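Q:
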Amino acid sequence: QVAYRETITVPVRAEGRHVRQSGGKGQYGHCVVEFEPQERGVGYEFVDKVVGGSIPREYIQPINQGIQESMLTGGQAGYPVVDLKASVVDGSYHDVDSSEMAFKIAGSLALKDAIRRGKSVILEPIMAVEVTTPDEYMGDVIGDLNSRRGQIQGMETRAGAQVVRANVPLAAMFGYATDLRSSTQGRAVYSMQMDHYAPVPSNIADEM
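Rendered as structure tokens:
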């Protein structure tokens, strides 16, 4: 199972408005949030930039909670959303109908608006793979890594064997142990660990 993620690629000013009238007390929450993409791995950052009391203090954190809960449930493709900065800049409230829950929902709606308009991309885990192989299988090993969308990072000789380092999407590594065994007659070994997330190429994302 590949743990895909999603993020936005351009800054976007998004709006979340939750208004409901159903006899008696209604519900009212409205926020304007500026979302910006962050560097890969930086995570989520929330900033309160509201001035002039357009949103009372007690409703700011519920907006934050709504955004974060919506990030977990996922973006357009349904994967968790990562690496963005959210700055609440404006909004409005109602003396009677506003509540923490209404602003939490508004925050959630603002994130959904941002994902829709922020040119979102799917991110995939990229693994750091190291293969140790006898010299005669070197070409096969490199060719196979390339066919898996791998990017060769370096090669060296170690104890009479060749060591190849590559970054390869986890999605392309399924079945690798078996394939490596058969292509090198069981004489090559490999290790891999999580390295970073990177955007899925558009031709592959379209098929997901």
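Start counting the sequence shown at 1; every next residue gets the next number (this note's numbering). Cβ coordinates follow ideal geometry from the N, Cα and C atoms, glycine included. In this text the structure is predicted, and so the values were computed from the model without any measurement.
1. Going by DSSP, name the residue or residues bridged to N167.
2. Rounded to the nearest angstrom, what separates G16 and V42 at their Cα positions?
3. Would you tell me roughly how many angstroms separate the C-alpha atoms of K112 and G75, rounded to the nearest one?
4. Straight-line CA distance for P56 to M192?
5. Would you kindly work out how many angstroms separate the C-alpha atoms of M101 and Y59, rounded to a whole number?
6. Give me the Cα-Cα distance between M117 and V12, rounded to the nearest whole angstrom.
7. Is it true that the segment 132–149 meets the segment 178–198, where meeting means three or more beta-carbon pairs spaced less than 8 angstroms apart?
8. Is the beta carbon of G52 closer than 8 angstroms to that of F103?
9. Considering T7, what are the terminal residues of the beta strand (DSSP E) in which it resides?
10. Take A198 as the anchor and find which of A177, P62 and A171 has the nearest alpha-carbon.
11. Pairing CB atoms from the segment 19–34 with CB atoms from the segment 80–99, are three or more of them under 8 angstroms?
12. Closer than 8 angstroms by C-beta to M127: which residues in its own chain qualify, once you throw out the five before and the five after it? Chain order, please.
13. Expressed to the nearest angstrom, what Euclidean distance is found between the alpha-carbon atoms of E36 and V19?
14. For M194, does the three-state DSSP call read helix, strand or coil?
15. Can you tell me where the alpha helix (DSSP H) with D113 in it begins and where it stops?
16. Look at the alpha carbon of G175 and the alpha carbon of N146, and state the distance between them as a whole number of angstroms.
A: From the atom records:
1. N167 is bridged by DSSP to A128 and Q151.
2. About 25 angstroms.
3. Note on geometry: alpha-carbon atoms of K112 and G75 lie some 7 angstroms from one another.
4. Going by the C-alpha atoms only, they are around 50 angstroms apart.
5. M101 and Y59 have their alpha carbons spaced roughly 9 angstroms apart.
6. This sequence places Arg at residue 117; Met is not what is there. Each residue's Cα considered, the two are about 7 angstroms apart.
7. Touching, yes.
8. No, they are not a contact pair.
9. Judged by DSSP secondary structure, T7 falls within the beta strand (DSSP E) whose first and last residues are R5 to T7.
10. When C-alpha distances from A198 are compared across A177, P62 and A171, the shortest belongs to A171.
11. Verdict: yes, contact present.
12. Answer for M127: N167, V168, P169, L170, M173, M192, Q193, M194 and D195, listed in chain order.
13. Their backbone Cα atoms lie some 26 angstroms apart in a straight line.
14. The answer is strand: DSSP assigns M194 an E or B state.
15. From DSSP, the alpha helix (DSSP H) with D113 extends over E100 to R117.
16. Answer to the nearest angstrom: the Cα atoms are 15 angstroms apart.
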